[in-house]
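Heads up, the thing below is written out as structure tokens.
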Amino acid sequence: MCHSHMKIEFDITNNNCFFIGGSNGSGKSAILAALNIGLGGQGSMNERGNSLQDYIKYGKKRAKITTMLSNKGYGRHEDFGEYLIVERILTPAGSTYQLISVEGSQRRFVNCRKRDLDSLLARFGIQLRNPIFWMSQDRCRVFLQEMKPERLYSLFMLATGLDSAQDCYTGTNEKLKEVDKWKAVFEEYVKDKKREFAAMKAACDRASLLGKYKESLSKLQWLLCWLPYRDATKEAIKYEKEYEKVIEECNRREQVYIEKQKEKVDISARNETIRKELAKIDEKIEHSQRKEEEGRKVCEERERELKEAMQRLSAKNKELKIVEAEISSLGNWIKEMEKKKLQSETASTMQSLRASLTECDSKLNELRGQRSEIEHQLAALKKDLADAEADELKWRVELRRREEAVKAANNKQDRARAMQQDRVGRFGGNMRRIMRLVEDNSRLFTRKPIGPVGNHVSVLDDRYSSTIENVLSPVLRAFILDNPKDCRTFEDLLIRNSIRPPVRITSQFSDQRYCTREREPPDGMDTVLRLIKVDNTNVFNVLVDQLHIESILLFDDDNHARRLMATDPPRNVRKAFTMSGAEVIPKSNTRVYRFYANTRVENSVRILSQSHLLDPSMFDAEVAETRETLNRSRTTYAQVKERQEKVSKELRALTSRLERVQQEITNLQQQRGRFSRELEAGGDDEGLANRILNMEKCVNEYRVKAAEVNARIEKLKAEVKNCEEKRQTAEDDRNNFRLEKSELKLKAEIFKNELKTVTERLEYIESELTQHEQSVQRSDAIKNDFKTKVDTARAKASRMKEEAAACISFQRPQAFEDPPDLTSLPETKETQNEYNALKRRIEAIQKNAQSVVTAEELKAMKDRYNCLKHECLMINDIRKGVEVAMELRRKEFHMRCGLIGMIVGSMYETLLSCRHFRGHLEISHSQRTIRIVTKPSDRIDDSSLDNSGSVDNLSRDDLQDLKGLSGGERTYTMACFIMALWDAIDAPFRCMDEFDVFLDMNNRRMVMELLISLATRRYPHKQFIFFTPQRLSDMGHHERVQVFQVPKIHDT
């Protein structure tokens, strides 16, 4: 350490609180370490070195620490005087102790044993390992910085010594488990003695039992003579009953067979009935479709009539508005004429107005004629446009169908050319590019992809090439990749080169083919696996994994496949295909038999065929024919489209012309009215009254015309309403026909489902009939077999009776007569086992007859066994007593844990109140946490302590945990927690090093005063030693406080 020599004397008579100050590096912490190590502490406990050798000053060979302790008052040690000295010398090789008694001026060496020092420390309550009494620099910093609830609880348990008690309980439980093990060994020893005693007792009983065993053996032999006869009789009776059951079963199966035949006839009749009903329903559906189509046309016609009536009604409404406008205009003119005086006009102006009026009338008549003619032409063009649109739609569909046919023919021709040039071309036009890309970029893959799959497969029998191609079609164009990474690389490579990726299968590559022998059907049957050749192991494994080709059968004939798969399918068969392309699902316990006929169109381009080599010229005629048909269809469609566009153009032009004529008529009508009014207004005075009279007549005529128009409008409204009713009726009729058709379709679907169910049931009945027929044949064979067994059993029973009557040398049991009642005889097996066991006992007794056990030996063994048994019971009682005591101690321990927690919490709240803080400790022994909750004072002036114990009246919701406190407030709170722990535990002195490093001057003064108050007032009989690098000039005025200032190193 840093001190060559240092001595500190505490005035314990007048003081009990000591402050040791000094700058950093002056050796304050060395005093704390020396005190702990001098009393027997370890080097690693003081955070200044890992071993005791690290505490020897550099350049020195040894270090000596002398600690003097007071031995006065209550609890003094009788072996020592007023004081005792603990002297510890440290060397590189280890350390030694000396315990010295001091009485006045005399010193006396006591001993140098470490265990005596430990006993002395325990007597005085000095705990060297308790961190709460030895708060070094690092412990203070860690404690103040890492104030987590789990850390605080661990410190609480360690400081109060509760963790040591808990460890003792745990160790005691382990010792009890060891005791239980030894108890089990002792109990096993007692059991061995019990067995030994039982064996000796049995040896004594054997001699007396031998005669009884021989008599019983003779009786058992007599029974064994009659038991074979009894068993043979029971076997004959059993076979007779089983024979009767077999006859009943045969009759039942024949009856079931007859009922199944009747059911087959009924189902066949029902099948035919359903087919006839379906035919009738199909006719009704066609009739409903025709009616619906007629209803649609009627609805369209009614809709057209309604539109025309609405147009007429709109025209009449417009006409009525014009008439009303004329009436209003003439009324206004009459009023003006009555007010006006004479207005003179020249004769030429009047003549010009009359000529203009005549010209307007002539033009109006001409335009009205044109309008009527245009309306007739417009109706004809609308009808032509509807016909043209229908033709365009029909030929557009036909053109699309022709284009698909040309595309299919070109694909066949291109495939044939590719197959003629290259085998890979069979699988698509881009397949050669894909394989070239894979070859050029093989370094990108972990294992080079394999594909296409069909390139590695060849068919051995061309008759099945089409069927096998249909089975393998899902994977023929697929590529196999070793892992998902290669799969992503393969896909990205093709997308970058604008190629659509084919099917990809990820399967880890292997060098060994799967063994499919156990999953294949019997030999002699053709399967997909047996009729193809696969030149790649991984392709083979993929076909087995994905398609199970080893379990797919191939048949030449559909009928043979039906019979075999419906009645007795071979083992390991999943499905079957026929040469015609039909698929057959075999009957099993979990599924029913199914047969699906081939509905696919035969493809003339076969990929896997070896002999089916195609010449591209074979498709030239088909391609040419489809192209010619397509060209004709395109020409016709172009003509129809041109006609439709022409009619549509004419219709638009005619509609525009009609609108212009109508606008001209409206303009001329307005112009004529203006001329008429000017002409009438420009007359002479003599004819003014006549003109007014004429105008009134015109108004009356217009009113009559308005009435006629209103009447016509009412008629048109009635006509529109009638048209709407007719349209609604037609729509209802059409909906009724549509509903009727839907109902018929639903009914047809029900009949189809029923037909399907009936057909399946019929097939199931046929298979059941075959099975029942075979079952009847098997039942007849079983019946004959049981008849033979009955005859044999009866003969055997007669023979056994004759043999049993001859056995008279054995002793007959008293409970039986001769011959005995067979129903009262015991079971043969039990009797035979009893006989064998009795015979073995007799042989064992006879074999061990020379080993005789005396009564004294037996009594001694019994006494020994009873003694051991009594000891075992005592051990169990003691074990239970210890367990009960441990349980009581555990309850006491938990109670003490709660009590100490209450003491610490109460003292903590009291210490907080000195600074007007409010808070409490939340101690959870189940979660092993201590949560500090506090509320700082809101007072502006809190620079002094208040020892009254009063706190502000705050609600519990105002409290907060340590995260919301400042550094000084947190340090003050933790100081209160440490001092509360000190209050709960007794120790002669307490040390704390640099506890105020995180405090400002105000908080440091608070904490200092609290520590001094606690030390000098509450615990005047205990000693407190505090180390701090801060100045201590203001601490000397307190009572019972002694201050030391450690000089710098070079001063010592």
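Just so we're on the same page, the working numbering is the position in the sequence shown counted from 1, plus 767.
The beta carbon of each residue, even a glycine, is placed where N, CA and C say it ideally should be.
This structure is a prediction, so every number in the text was calculated from the model and none was measured.
Under the rule that 16 or more other beta-carbon atoms within 10 Å means buried, what is residue i, buried or exposed?
i, result
"ARG906", "buried"
"LEU1227", "exposed"
"TRP1749", "buried"
"GLN873", "exposed"
"ASN783", "buried"
"SER1277", "exposed"
"ILE1645", "exposed"
"LEU922", "buried"
"GLU1761", "buried"
"ALA1333", "buried"
"LEU1261", "buried"
"ASN1132", "exposed"
"HIS1661", "exposed"
Using beta-carbon positions only, say whether residue i and residue j come within less than 7 Å of one another.
i, j, result
"TYR1675", "ALA1747", "yes"
"TYR822", "MET835", "no"
"ALA1328", "ALA1343", "yes"
"GLY794", "VAL1813", "yes"
"GLU1159", "GLN1406", "no"
"ALA1473", "VAL1164", "no"
"LEU1166", "TYR1531", "no"
"LEU799", "CYS1743", "no"
"GLU1317", "ARG1267", "no"
"ARG875", "GLY805", "no"
"CYS992", "ALA1562", "no"
"PRO995", "MET1628", "no"
"GLU1498", "CYS1066", "yes"
"VAL957", "CYS1639", "yes"
"VAL1466", "LEU1097", "yes"
Taking only the alpha-carbon atoms, compute the straight-line gap between residue i and residue j and give it to the nearest angstrom.
i, j, result
"VAL1013", "ILE1272", "57 Å"
"ASN781", "MET1669", "33 Å"
"LEU895", "ILE1690", "26 Å"
"ASN1643", "HIS1692", "33 Å"
"VAL1295", "SER1233", "12 Å"
"ARG1399", "ASN1038", "48 Å"
"SER1111", "LYS1130", "Below a pLDDT of 50, predicted positions are generally treated as unreliable, and SER1111, at 43, falls in that range; the measurement from the model is reported next regardless. Roughly 30 Å separates the two Cα atoms."
"LEU1770", "PHE847", "Going by the sequence as given, residue 1770 is Asn instead of Leu. Those two C-alpha atoms are separated by around 44 Å."
"VAL1099", "LYS1085", "For the record, residue 1099 in the displayed sequence is Asn; it is not Val. Looking at the two C-alpha atoms, the distance is approximately 21 Å."
"ASP972", "GLU963", "14 Å"
"LYS1464", "SER1095", "14 Å"
"PHE786", "LYS948", "57 Å"
"GLU1156", "LYS1493", "27 Å"
"PRO859", "GLN809", "14 Å"
"ASP1128", "ARG1439", "8 Å"
"SER1800", "LEU1778", "16 Å"
"LYS979", "TYR1632", "30 Å"
"LEU1045", "ILE1052", "10 Å"
Tell me, please, which residues DSSP counts as bridged to residue i.
i, result
"ASP1696", "Before going on, a small fix: residue 1696 reads as Thr here, not Asp. DSSP, once it has assigned bridges, lists SER1691 as partnering THR1696."
"GLY788", "THR1795, GLN1812"
"TYR1632", "TYR1632 is not bridged to any residue."
"LYS831", "ILE856"
"TYR1363", "GLU1350"
"ASN878", "LEU866"
"VAL1226", "ILE1299"
"MET1759", "MET902, PHE1793"
"ALA1343", "LEU1320, VAL1351"
"GLN873", "GLU870"
"LYS1702", "ARG1685"
So residue i and residue j are supposed to be a Cβ contact under 8 Å. How far apart are they, rounded?
i, j, result
"PHE1518", "ILE1041", "5 Å"
"TYR1006", "GLU1540", "The pair is not a contact, with the Cβ atoms about 27 Å apart (cut-off 8 Å)."
"ARG1020", "SER1565", "No, ARG1020 and SER1565 are not in contact; Cβ-Cβ is about 34 Å, not under 8 Å."
"LEU1080", "LEU1483", "4 Å"
"ARG1297", "ASP1249", "No, ARG1297 and ASP1249 are not in contact; Cβ-Cβ is about 28 Å, not under 8 Å."
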